[in-house]
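Mapped onto numbering that gives the first Met the number 0, the consecutive letters of the sequence shown carry residue numbers 0 to 167. All C-beta atoms, glycine included, are put in the ideal place defined by N, C-alpha and C. I have placed the structure first, in the form of structure tokens, so that the comments after it can refer back to it.
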Amino acid sequence: MSLFKRIKNIMTKPEPPKAEKSILTIGPGDVCEVSLVTYQVTGRTQNRHRNLVVLTLQDGANIRYLTIEERERTVYALYAPIDGRLDSVDEVPTELELDGRMYHLEEQYSGFITASGKTPFVQGGEQYVWQYQSDDMHLLRIEWQDGRFMLYEGEDVLPADVRVLRGS
């Protein structure tokens, strides 16, 4: 090795270590564990105004959606898609009865999202969201974007039950 190469190697800065992936930064191709079930992340939507990320998770044929919202503390909820439809975005009720369970509107918001990977909405854009909660702590989420409704039923997840197994 020449003297110049040695000096060059001494003078160059070492490559900084890559930051570990957190649950807020993982995306398609990564693997995470939620409530002891291992999922591959196949899609991701993000609403930067609310600091909210929705991950599309797949375990075999099962697809789930993990919402992660950074507030005073990080709030997690795991949803499964359900069949159903609503006629108009202007007629979303404040109370919904589904399978004998009454859901009450907890929060309604809208904002622009970005999408990557396989998500219910192929591209980003303005999205409207209604979040409901029942008296027995079950959750219902309705999303509307580009004339299409998606309905999800789920429950809150403890932060200790969510972890990143492998990030790319």
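#### Entry: Which listed residue (Pro158, Arg147, Arg165) has its alpha carbon closest to that of isoleucine 67
By one-based count along the sequence shown, residue 67 stands at place 68. Checked all of Pro158, Arg147, Arg165; the closest Cα to isoleucine 67 is Pro158.
### Task
Quick one: using the 10 Å Cβ neighbour count with 16 as the cut-off for buried, is threonine 55 buried or exposed?
Counted from its first residue, the sequence shown places residue 55 at position 56. Around the CB of threonine 55, 16 or more other CB atoms lie within 10 Å, so the residue is classed as buried.
### Message
Below 8 Å on the Cβ atoms is my contact criterion, and I expect glutamate 14 with leucine 164 to pass it. Report the Cβ-Cβ distance as a whole number of Å.
### Response
The residue labelled residue 14 in the question sits at position 15 within the sequence shown. The residue labelled residue 164 in the question sits at position 165 within the sequence shown. So it is not a contact: roughly 24 Å between Cβ atoms.
### Task
Take leucine 51 as the anchor and find which of Val40, Arg70, Leu35, Val36 has the nearest alpha-carbon.
In the sequence shown, counting from the first residue as 1, residue 51 sits at position 52. Out of Val40, Arg70, Leu35, Val36, Arg70 has the C-alpha closest to the C-alpha of leucine 51.
### glutamine 45 versus Arg5, Gly28, Ile112, residue with shortest Cα-Cα distance
Along the sequence shown, one-based indexing puts residue 45 at 46. Of the candidates Arg5, Gly28, Ile112, the one whose C-alpha sits nearest the C-alpha of glutamine 45 is Ile112.
### Message
Quick check: valine 36 and glycine 26, are their CB atoms within less than 9 Å of each other?
### Response
As a working mapping, residue 36 is identified with position 37 in the sequence shown. As a working mapping, residue 26 is identified with position 27 in the sequence shown. The answer is no: Cβ separation not under 9 Å.
#### Entry: Every unbroken beta strand (DSSP E) within the segment 26-95, with a cutoff of 3 residues, ordered by chain
You should have 30-33, 36-46, 51-58, 61-69, 73-81.
### Task
Using the Cα positions of glutamine 144 and threonine 118, report the straight-line distance between them to the nearest angstrom.
For this step, residue 144 is matched to residue 145 along the sequence shown. For this step, residue 118 is matched to residue 119 along the sequence shown. If you take the alpha carbons of glutamine 144 and threonine 118, they lie about 12 Å apart.
### Query
Where do the ends of the beta strand (DSSP E) carrying methionine 101 lie?
For the purposes of this step, residue 101 is taken as the residue at position 102 of the sequence shown. Methionine 101 -> beta strand (DSSP E) spans 100-116.
### Query
Straight-line CA distance for leucine 138 to threonine 11?
To locate residue 138, count along the sequence shown from 1; it is residue 139. To locate residue 11, count along the sequence shown from 1; it is residue 12. Their Cα atoms are separated by approximately 54 Å.
### Task
Starting from the C-beta of glutamate 106, find all residues in its chain whose C-beta is less than 6 Å away, skip the five residues before and the five after it, and write them out in chain order.
As a position in the sequence shown, residue 106 is number 107, starting the count at 1. Gln130.
### Query
By how many angstroms is the C-alpha of histidine 48 removed from the C-alpha of arginine 84?
Reading the sequence shown from its first residue, position 85 is the one you call residue 84. Reading the sequence shown from its first residue, position 49 is the one you call residue 48. Approximately 27 Å between the Cα atoms of the pair.
### Query
Is DSSP giving leucine 2 helix, strand or coil here?
As a working note, residue 2 is residue 3 in the sequence shown. Looking at leucine 2 - three-state DSSP - the assignment turns out to be helix.
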